[in-house]
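Heads up: the protein sequence lines correspond to chains A and B, in order.
Under this note's numbering, the letters of the first sequence match residues 88 to 368, in that order.
Under this note's numbering, the letters of the second sequence match residues 59 to 498, in that order.
The beta carbon of each residue, even a glycine, is placed where N, CA and C say it ideally should be.
None of these values were measured; they are calculated from a predicted model.
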Amino acid sequence: MTKEQFLDSKVQVIEPAWGLRLVDPFELWRWRELFVALMLRDMSVRYKQTAIGIAWVVAQPLATVAIFSFLLGKIGNVPTGGLPYPLFAFTAMVPWQMFSRALLEGSISLANNRSLLTKVYFPRILLPAAAVFGGAADFPVTFAILLLMMLWFGFVPGWQIVLMPVLLLLALLTSLGVALWLSALNVLYRDVQIVLPFLVQIWLYLTPVLYPASVIPEQWRALYAMNPMVTVTESFRWAVLGGAVALDPAMLAVSTVTVFVVLLSGVVYFRSIERQMADRI
Amino acid sequence: MGEFAIRAEGLGKKFRLGERERYKALRDRLTREAIAPFRALSRLVSGRPPLPPAEREEFWALRDVHFDIAPGEVVGLIGRNGAGKSTLLKILSRIIEPTAGRALLRGRVGSLLEVGTGFHPELTGRENIYLNGTILGMERREVRRKFDEIVDFSGVAPFLDTPVKQYSSGMYMRLAFAVAAQLEPEILLVDEVLAVGDSSFQKKCIGKMDEVGRQGRTVVFVSHSMTAVTRLCQRAILLDRGRVVADGPAAEVAAAYLRSDLGTMAHRLWPDPATAPGDHVVRLRSVGVVGDDGAFHATADIRRPVMLEMVYDVLLPDHNPVPNFHVHNEEGICVFVTADTDPQWRGRPKPVGRYVSRVTIPGNFLSEGTLIVDAAISTMDPAVVHAHEREAVAFQVIDSLDGDSVRGEYGGVVPGVVRPRLDWYTVAEKEAASATERNP
Chain A
88 MTKEQFLDSK
98 VQVIEPAWGL
108 RLVDPFELWR
118 WRELFVALML
128 RDMSVRYKQT
138 AIGIAWVVAQ
148 PLATVAIFSF
158 LLGKIGNVPT
168 GGLPYPLFAF
178 TAMVPWQMFS
188 RALLEGSISL
198 ANNRSLLTKV
208 YFPRILLPAA
218 AVFGGAADFP
228 VTFAILLLMM
238 LWFGFVPGWQ
248 IVLMPVLLLL
258 ALLTSLGVAL
268 WLSALNVLYR
278 DVQIVLPFLV
288 QIWLYLTPVL
298 YPASVIPEQW
308 RALYAMNPMV
318 TVTESFRWAV
328 LGGAVALDPA
338 MLAVSTVTVF
348 VVLLSGVVYF
358 RSIERQMADR
368 I
Chain B
59 MGEFAIRAEG
69 LGKKFRLGER
79 ERYKALRDRL
89 TREAIAPFRA
99 LSRLVSGRPP
109 LPPAEREEFW
119 ALRDVHFDIA
129 PGEVVGLIGR
139 NGAGKSTLLK
149 ILSRIIEPTA
159 GRALLRGRVG
169 SLLEVGTGFH
179 PELTGRENIY
189 LNGTILGMER
199 REVRRKFDEI
209 VDFSGVAPFL
219 DTPVKQYSSG
229 MYMRLAFAVA
239 AQLEPEILLV
249 DEVLAVGDSS
259 FQKKCIGKMD
269 EVGRQGRTVV
279 FVSHSMTAVT
289 RLCQRAILLD
299 RGRVVADGPA
309 AEVAAAYLRS
319 DLGTMAHRLW
329 PDPATAPGDH
339 VVRLRSVGVV
349 GDDGAFHATA
359 DIRRPVMLEM
369 VYDVLLPDHN
379 PVPNFHVHNE
389 EGICVFVTAD
399 TDPQWRGRPK
409 PVGRYVSRVT
419 IPGNFLSEGT
429 LIVDAAISTM
439 DPAVVHAHER
449 EAVAFQVIDS
459 LDGDSVRGEY
469 GGVVPGVVRP
479 RLDWYTVAEK
489 EAASATERNP
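Here it is as C-alpha cells:
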C-alpha cells in the first residue's frame with residue numbers, strides 16, 4: 088500500500104454511541120459470509136450430534152399429535168372441517184415446530200456464544216438471526232413426514248401450496264422479532280432462559296395447532312389474529328390440505344403488521360443493549 | 059490529521075463493580091425495586107434520614123489514554139494484571155465500547171484475543187478452518203486460497219475430517235493458530251496468545267509474529283513476557299491502573315517495568331478479613347517474599363535462598379487446610395508447585411487461629427527472570443480449594459555475573475526453567491597416557 092492509498096483509507100472511529108440505532112445494511116452485507124457460516128454451523132452441529140437428534144425432531148410433534156388424537160377421540164368431535172384429526176393437527180404442527188425451535192435457538196444464541204461475544208467483533212444481530220434461520224433446518228424432515236401422512240390419508244396439495252414459503256417466512260420473522268427481544272434480555276437477566284419453555288408452551292395453546300381457529304368466538308378474532316402464528320398455522324393448513332377455511336386477508340394483514348412492529352422494536356432494543364453485551368454477559 | 063494507524067484520544071472505560079455478579083435474576087431486581095418505596099416511607103415515618111441512592115462502586119479500568127501509533131510500528135502493551143491492557147485491546151477491537159474519548163483506526167483491523175475463538179468441538183478440522191477464518195473476518199474465498207498453507211502450518215493434515223473434539227490440545231492449538239496466522243489485516247491486535255502451548259509451538263508463533271512485524275503491518279501486542287516484548291516490539295506502552303505511565307523504546311520501558319514495583323510486588327496484605335481471599339474455613343491475610351535477612355524483597359540473588367511466606371486465619375476447627383504455592387515464570391510456565399508437607403501438621407486438623415507458613419526455595423535453583431507466585435490454601439482429601447490468589451506476589455531473580463553462579467564465566471543467555479547447581483564429578487581416566495603422549 089502506498090502512502091497515498093494509506094491516507095485515503097477510511098478512518099474508523101470508535102466512540103461512545105448515543106441514541107436509537109437501527110441496523111446498518113452495508114455493514115450487514117459485509118458480514119454476510121459470517122451469517123452463512125454461523126447458520127451452517129448450527130445446522131450441521133444439530134445433525135451431527137446423534138441419530139436421535141433427527142428422530143427427536145419427528146418424535147416430539149408426532150407424540151403430541153398422537154396423544155391429542157387419542158384424548159379428543161374419547162371426548163368428542165373437534166370441528167376439523169372434515170379433515171382426519173391426526174392430519175389436521177400434524178399439518179399445523181409442522182410450521183409450529185419450526186417456529187418454536189427457531190425461537191428457542193434464537194433466544195439463547197447470545198448466551199450460547201459467550202466466547203464469540205467477548206473475543207471478536209461482528210454485528211451481534213447475526214447470532215440470533217443465524218440461529219433463527221438455522222432453526223428452519225428441521226422443516227424438511229417434518230415436512231417429509233407430513234407428505235407421507237398425506238399420502239396415507241389420500242390428500243394431494245392444490246395450487247395454494249405456492250403460498251407456503253410466504254407463511255414460513257412470516258413464522259421465521261415472528262420468531263426473529265421475539266428472539267431479538269429475548270436474546271438481549273437474556274444477556275441482562277439470565278432467568279429469561281428459564282421462563283422460555285413455559286412461554287413457548289403457552290404460545291402453543293394460544294395458537295390453533297391442536298384445535299381450529301373457528302372455536303374462538305367471533306368477537307375475539309381480531310385480538311386473536313394479533314398472534315401471527317394464528318395466521319401461519321391456519322393458512323398453512325389451508326395451503327397444504329385445501330378445505331373450507333381459506334386464507335383470510337384481514338387476518339394476514341393484522342398479523343403482518345404485528346410482525347413488523349415486533350421486529351422493528353426488537354431491532355431497536357437489541358441495538359441498544361448491543362453496546363453492553365460484552366460487558367454484561 | 060497526521061499519519062497514524064491508531065490514535066487514542068482520551069480513551070476511558072468505566073466499570074461498575076459487582077455488576078457482573080448482580081445482573082442475573084430479574085426476580086431479585088423486581089423485588090428490590092418493589093420494596094424500595096416502602097423502605098423509603100418507613101424511614102420517613104421513623105424520622106431517619108433517607109438512604110443515599112443505591113451506591114455502586116465505579117472504577118475506571120482505563121482513563122485518559124492518549125497515544126499515536128504510526129503505520130508499521132510494532133508496539134507492546136505491558137503492565138500488571140488489571141492494568142487495563144486487555145480492556146484497551148478490546149476497545150480497539152470494537153468488542154466493548156469506551157465510556158469516554160475516542161479511538162481512530164486507519165486500515166483493516168484484525169484481532170486475536172484468543173486462539174481458536176469459535177472453534178466448535180463437533181465440527182471437523184476442515185469445517186472449523188472455514189468457520190474460524192470467517193469469524194476472524196476473512197472471506198471464504200480467502201480461506202479457500204490459503205487452505206493448503208493453513209493445513210501445512212498446522213501439521214494436522216491426516217485428521218482434517220475428524221471432529222476437533224478428538225484432537226489433542228496441542229493439535230487443536232496448532233490448527234487454531236494456523237488459521238489465525240493467515241489473517242492479513244493492516245492492523246493486528248494480539249493478546250497473549252503465545253502464553254499457551256508447548257515451547258516449540260510458542261517458538262513457531264513468535265516466529266510468525268516477527269514475520270508479521272517485518273511485513274510493515276501495525277501490531278499491538280499485549281504480553282506478560284518481557285522477553286517476547288523486547289524481542290518483537292520497537293516500542294512499548296506501560297499501563298498502570300488504567301493510565302499510561304511509560305511510553306518509549308521497548309527495552310527501556312520493559313526494564314523500567316521490571317525494576318519498578320509494578321512488575322514485582324514482594325508483599326501483599328489483606329487488612330479486611332471480609333474481603334480477603336478465602337472462604338468460611340480459612341482466610342488469606344498476607345503473602346510475601348522474604349530474603350535471608352528476614353525482610354521482604356522483590357529481588358533475590360540467584361545464589362541465595364529465598365522464602366515464600368503466607369499468613370492465614372483458620373476460622374473453623376476440624377479442618378486441615380494446607381497452604382501451597384504455585385510458582386510461574388514470565389512465560390507463564392509453571393516452574394513448580396509446593397504444598398506444606400511438614401509432618402507436624404500432616405493429617406492433623408489445625409485449631410482455630412492465625413498461622414504463618416514459610417517455605418524456603420534453595421539458592422542456585424531458580425532461573426533468572428521474574429517469578430510470579432500464586433498462593434492457595436486447600437484441603438487435600440476431599441479436595442477443596444479455600445483460597446487461590448493468582449499473582450499474589452512476584453519477584454526478580456538476578457544473576458550478578460560474579461562467576462560463582464551456575465552460569466560460571468558464561469555471559470550469554472542460559473535457557474531452562476530452573477537453573478539448579480548440580481554435582482559434577484570428573485576423573486581423568488587417561489591422565490598418565492596423555493601425559494606421556496605430550497611429554498615423551
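* Asked: Where in the region 99–175 of chain A do unbroken runs of the beta strand (DSSP E), each at least 3 residues long, occur, reported from the N-terminal end onward?
  -> none
* To do: Return the bridge partner residues of B:Val-339 from the DSSP annotation.
  => In DSSP, B:Val-339 forms no bridge with anything.
* Report the three-state DSSP secondary structure of B:Ser-169 (helix, strand or coil). => strand
* Using a Cβ-Cβ cut-off of 6 Å (strictly less than) and excluding sequence neighbours within five positions of A:Phe-175, which residues of its own chain qualify? -> The beta carbon of A:Phe-175 sits closer than 6 Å to those of Thr-167, all from its chain and outside the five residues before and after it, given in chain order.
* Uninterrupted alpha helix (DSSP H) stretches inside the region 193–263 of chain A (no shorter than 4 residues) -> Every unbroken stretch of the alpha helix (DSSP H) spanning 4 or more residues and falling wholly within the region 193–263 of chain A is given here in chain order: 196–199, 201–206, 213–221, 226–240.
* Which chain B residues sit within Cβ distance under 9 Å of A:Gln-99? -> Arg-152, Ala-161, Leu-162, Leu-163, Arg-164, Gly-165, Val-167
* Asked: Quick one: what does DSSP say A:Asn-273 is sitting in, helix, strand or coil?
  -> helix
* Asked: Comparing alpha-carbon positions, which option in B:Val-472, B:Ser-436, B:Gly-134 lies nearest B:Thr-396?
  -> B:Ser-436
* Buried versus exposed call for B:Asp-249 [16 or more other C-beta atoms within 10 Å across all chains shown] -> It is buried - the Cβ of B:Asp-249 has at least 16 other Cβ atoms within 10 Å.
* Asked: Are any of the Cβ atoms in chain A nearer than 8 Å to that of B:Gly-176?
  -> yes
* Give the straight-line distance between the Cα atoms of A:Trp-290 and A:Val-249, rounded to the nearest whole angstrom. => 27 Å
* Please name the residue in A:Ser-194, A:Asn-273, A:Phe-323 whose C-alpha comes closest to that of A:Ser-262. => A:Ser-194
* Asked: In chain B, which residues lie less than 9 Å from A:Pro-103 when you measure between Cβ atoms?
  -> Glu-155, Pro-156, Thr-157, Ala-158, Gly-159, Arg-160
* Residues within the region 112–146 of chain A neighbouring chain B, beta-carbon criterion of under 9 Å -> If the cut-off is 9 Å between Cβ atoms, the region 112–146 of chain A has Trp-118, Glu-120, Leu-121, Val-123, Ala-124, Leu-125, Leu-127, Arg-128, Ser-131, Val-132, Lys-135, Gln-136 near chain B.
* Asked: Which value, in whole angstroms, describes the spacing of the CA atoms of B:Pro-401 and B:Arg-152?
  -> Whole-angstrom Cα-Cα distance: 55 Å.
* Pick from B:Pro-379, B:Ile-64, B:Ser-226, B:Arg-203: whose alpha carbon is nearest that of B:His-338? -> Selected option, being the one with the closest Cα: B:Pro-379.
* **Under 7 Å by beta carbon: chain A residues contacting B:Thr-192** => Glu-120, Leu-121, Ala-124
* Asked: Since A:Pro-215 contacts A:Leu-197 with CB under 8 Å, what's their CB separation in whole angstroms?
  -> 7 Å
* Mind listing the chain A neighbours of B:Tyr-188? Cutoff is C-beta to C-beta under 7 Å, in chain order. => Those within 7 Å of B:Tyr-188 in chain A are Ala-124.
* Assigned exposure category for B:Pro-331 - 16 Cβ within 10 Å defines buried -> exposed
* To do: Mind checking which residues open and close the beta strand (DSSP E) that includes B:Asp-298?
  => Where B:Asp-298 is concerned, the enclosing beta strand (DSSP E) stretches over 293–298.
* Asked: Is B:Pro-111 helix, strand or coil by DSSP?
  -> Because B:Pro-111 sits at a pLDDT of 49, beneath the cut-off of 50, its placement in the model cannot be relied upon, and the following sentence gives the value as read from the coordinates. Coil, per DSSP.
* **Simplified DSSP state of B:Asn-190, which is helix, strand or coil** => B:Asn-190 sits in a helix when the DSSP states are folded into three classes.
* **Below-8 Å beta-carbon distance, A:Val-253 vs any chain B residue** => no
* Interface partners of B:Leu-181 on chain A, CB under 8 Å -> Arg-128, Ser-131, Val-132, Lys-135
* Asked: When DSSP labels each residue in this structure, what does B:Leu-218 get in the three-state scheme?
  -> coil
* To do: Could you list which residues in chain B have their beta carbon closer than 7 Å to that of A:Arg-362, in chain order?
  => Residues of chain B passing the Cβ test: Glu-155.
* **Proximity of B:Leu-296 and B:Ala-433 at Cβ, strictly below 8 Å** => no
* Look up B:Tyr-468 in the DSSP assignment and say whether it is helix, strand or coil. => Here B:Tyr-468 sits in coil by DSSP.
* Which of helix, strand or coil DSSP assigns to B:Arg-80 -> Reliability of the predicted coordinates at B:Arg-80 is poor, the pLDDT of 44 falling under 50, and no value is obtained from them.
* To do: Take A:Ala-223 and list the residues in its own chain whose beta-carbon comes closer than 7 Å to its own, dropping the five residues that flank it on each side.
  => Met-185, Ala-189, Leu-259
* Contacting positions in the region 183–217 of chain A - beta carbon closer than 7 Å to chain B -> Ser-202, Leu-203, Thr-205, Lys-206, Val-207, Tyr-208
* Check the Cβ-Cβ distances between A:Asp-385 and every residue of chain B, and say whether any is below 8 Å. => Outside the shown range of chain A, which is 88 to 368, sits residue 385 of chain A, and nothing can be said about it.
* To do: Compute the distance between the beta-carbons of A:Ala-312 and A:Gln-247, then report whether it is under 8 Å.
  => No. Outside cutoff.
* Compute the Euclidean distance between the alpha carbons of A:Thr-343 and A:Val-243, then round it to the nearest angstrom. => 28 Å
* To do: Could you name the residues that DSSP lists as bridge partners for B:Trp-509?
  => Since the first residue shown for chain B is 59 and the last is 498, residue 509 of chain B is missing from the structure and cannot be characterised.
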